[in-house]
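Here this note's numbering is used: the first residue of the sequence shown is 827, the next is one more, and so on.
Don't be surprised by glycine CBs; every beta carbon is placed ideally from N, CA and C.
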Amino acid sequence: MHVAVLIQNTSHPLGLRLREMLQARLSCRESELISFDRAEETLARGKASVLVVVLSPAPELALNYLRKLRSRVSGPVLAVGLASDSKLILRALHEGADHYLDESDLEAQLDSVIQRLQINLERTQQSNGRLIGLLGASGGSGTSTLAVNLAGVLARDRGRCALIDLKPGVGDLAALLDLKPTHNLADLCLNSARMDRAMFESALVVHASGVHLLAPPQMYEDIRLVTAAGVNKTLHLARDLFRHTVVDLEDCYHEEQATVLRQADAILLVFRLDFTSLRSTKRILENLAQAGIDGERVSLAINRFGQAKELPLTQAEEALGRKISFIVPDDPKTINAANNAGEPAVFRSPSSKVALSIVQMANGLSARDETESTPTPRHPVKSANGWLAVFHG
Ligand SMILES: Nc1ncnc2c1ncn2[C@@H]1O[C@H](COP(=O)(O)OP(=O)(O)OP(=O)(O)O)[C@@H](O)[C@H]1O
Ligand SMILES: [Mg+2]
């Protein structure tokens, strides 16, 4: 468990005392005091299970950070401040704090909150399902095709699987599964403050394979309702209830997308062996690194492998400086037939090479649950000529 205490001045006695008290009560392996100016960078790196925001002596500034960082924390947020200022308490709760603690009576207040907190945290930690995000290097990489097939295999072989379509306005996972959702992510975001297990489950549409799909909103006024905080809460509920959650992502920049990437146990970056796709893959890898996302969690997958005149695999690995973990063959006959029928290829044509490669991918991505093995990155090799030169400058 990682507890982050956010405070204006990290050597302030209140912060030091708070950290000591939290360490003693929450038996946390790590707890750190973070100053406001380092907060974003530090929280982007790690997964804080609990965030404590100390409001005094700069409550306005502290509330700003609380608002900005709420979606980056997987667990509860506590605000510490004066109990005499009722407006401040309300604002802190409004910005996303789960509990407000009176700084003048910290010990007793912590004791009462922590018992409840402890139970919830342990439950969350025990039941945390594996989160797998799929990101396409460019449009048409085959990410949605892989997402429905991957979720299908996981549901069939490892118990029911949550599938979240995080492409507001353009998502097509429901069509690929021949499902007709009646609710979507916007309904959950609109009611995120009171979202619970029952509400989350009622928003899902169930496929015969055991895939439980959460569809995206399609209309403009609903798309605007999607928030990072709503997505964050949705992810927590999904991971509580499902052993695997697969998310089809739109990009790596918008906050509601980034919140998935930060929490994902595995990120599958899907691309094709052509120059523009490879260049885009390289850029996304750089952006993920800049966002503080650990490269170990990112696996590379080539889709539509085996097309005429595509770039050689080894040179792609060279250009990216990383090993490619999964290869899915180009098989328009099988994939078009499956996609057009709304029946994933892994069910419609289970013995096809393309279906078998997706089963292998599912095994690779879920196996790390137990083994924590990750692909060994290959070191980049300098090459001065041809298209590779573009990548090495
Ligand atoms: N392995 C494959 N072999 C042959 N065709 C494929 C394969 N994977 C995907 N396709 C085809 O590629 C096209 C794009 O696939 P898909 O819609 O899954 O991509 P996407 O990355 O989700 O696209 P978008 O950027 O629009 O979300 C579809 O016509 C699909 O049938
Ligand atoms: Mg798609």
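TODO: Check whether the Cβ of Ser970 lies closer than 7 Å to any heavy atom of ligand 2, and answer yes or no.
DONE: yes
TODO: Decide if the segment 1146-1165 is in contact with the segment 1070-1082; the criterion is three or more beta carbon pairs, one per stretch, under 8 Å apart.
DONE: no
TODO: Taking Asn1010 and Pro1170 to be in contact with their CB atoms under 8 Å, please state how far apart those CB atoms are, rounded to whole angstroms.
DONE: The pair is not a contact, with the Cβ atoms about 21 Å apart (cut-off 8 Å).
Open item on the list: In the DSSP assignment, the alpha helix (DSSP H) including Cys1078 goes from what residue to what residue?
Closed with: Looking at the DSSP string, Cys1078 is not in any alpha helix (DSSP H), and its letter there is neither H nor E.
Open item on the list: Taking the straight line between their C-alpha atoms, what separation do you get for Ala988 and Arg1109?
Closed with: 29 Å
TODO: Note down, in chain order, each residue of its chain lying with its Cβ closer than 6 Å to the Cβ of Pro994, except the 5 sequence neighbours on either side.
DONE: Pro1042, Pro1043, Ile1049 and Val1052
Open item on the list: Between which two residues does the alpha helix (DSSP H) holding Val996 run?
Closed with: Where Val996 is concerned, there is no enclosing alpha helix (DSSP H), given that its DSSP letter is neither H nor E.
Open item on the list: I'd like to confirm the pairing. Which residues does DSSP put opposite Glu858 in its beta bridges?
Closed with: Ala830
Open item on the list: In the DSSP output, which residue or residues are listed as bridge partners for Ala926?
Closed with: Residue identity check: residue 926 is Tyr in the sequence provided, not Ala. DSSP output for Tyr926 lists Ala905 as bridge partner(s).
Open item on the list: Going by DSSP, what residue range makes up the beta strand (DSSP E) through Ser1125?
Closed with: Val1124 to Phe1131
Task: Separation of Leu1182 from Thr1197, as counted between CA atoms - done: For Thr1197, the predicted model reports a pLDDT of 43, less than 50, meaning its position is unreliable; a value from the coordinates is still stated below. Roughly 22 Å between the two C-alpha positions.
Open item on the list: In this structure, how does DSSP classify Gly1121 when only helix, strand and coil are distinguished?
Closed with: helix
Open item on the list: Given this structure, state the Cα-to-Cα distance separating Ala830 from Leu859, to the nearest angstrom.
Closed with: 6 Å
Open item on the list: Shorter than 7 Å, the distance from the beta carbon of Asn1149 to the closest heavy atom of ligand 2, or not?
Closed with: According to the sequence displayed, residue 1149 carries Lys and not Asn. Result no, Cβ not under 7 Å from ligand 2.
Open item on the list: Could you compute how far the alpha carbon of Leu842 sits from the alpha carbon of Glu929?
Closed with: 13 Å
Task: Check: Asp998 C-beta below 7 Å from any heavy atom of ligand 2 - done: yes
Open item on the list: Classify Lys913: buried if its beta carbon has 16 or more other beta carbons within 10 angstroms, exposed otherwise.
Closed with: exposed
- [ ] Count the CB pairs spanning the segment 891-898 and the segment 864-881 that are closer than 8 Å, and state whether there are at least three.
- [x] yes
Open item on the list: Do Leu919 and Gln1089 count as a contact pair if the criterion is CB distance below 8 Å?
Closed with: no
Task: Outcome for Lys1059 when other beta-carbon atoms lying within 10 angstroms are tallied against a minimum of 16 - done: buried
Open item on the list: In whole angstroms, give me the CA-to-CA distance for Gly771 and Gly907.
Closed with: Since the first and last residues shown for the chain are 827 and 1219, residue 771 lies out of range.
- [ ] Take Ser837 and list the residues in its own chain whose beta-carbon comes closer than 6 Å to its own, dropping the five residues that flank it on each side.
- [x] none
- [ ] Can you have a look at Glu1047 and say buried or exposed, based on whether 16 or more other CB atoms are within 10 angstroms of its CB?
- [x] exposed
- [ ] Taking 8 Å as the cut-off, decide whether the C-beta atoms of Ser1103 and Ala963 are in contact.
- [x] yes
- [ ] Return yes when the C-beta of Asp1074 is under 7 Å from any heavy atom of ligand 2, and no when it is not.
- [x] yes
Open item on the list: With distance defined between alpha-carbon atoms, name the residue in Arg984, Ala905, Leu869 and Ala1134 nearest to Pro885.
Closed with: Ala905
Task: CB of Val979 within 8 Å of CB of Val1185, strictly - done: yes
TODO: Let me know if Glu1076 comes out buried or exposed under the rule of 16 or more other beta-carbons within 10 Å of its beta-carbon.
DONE: buried
TODO: Confirm, please, whether the CB-CB distance from Leu832 to Ala870 is below 8 Å.
DONE: no
- [ ] Please determine, among Ile1119, Leu972, His925 and Glu1027, the residue with the shortest C-alpha to C-alpha distance to Arg986.
- [x] Glu1027
Task: Nearest candidate by alpha-carbon position, reference Glu867, set Val1032, Ser967 and Gly1118 - done: Gly1118
- [ ] Report the rounded CA-to-CA distance for Ser1177 versus Leu936, giving the unit in angstroms.
- [x] 57 Å
Task: Three-state class that DSSP yields for His920 in the structure shown - done: helix
TODO: May I ask you to report which of helix, strand or coil DSSP gives His838?
DONE: coil
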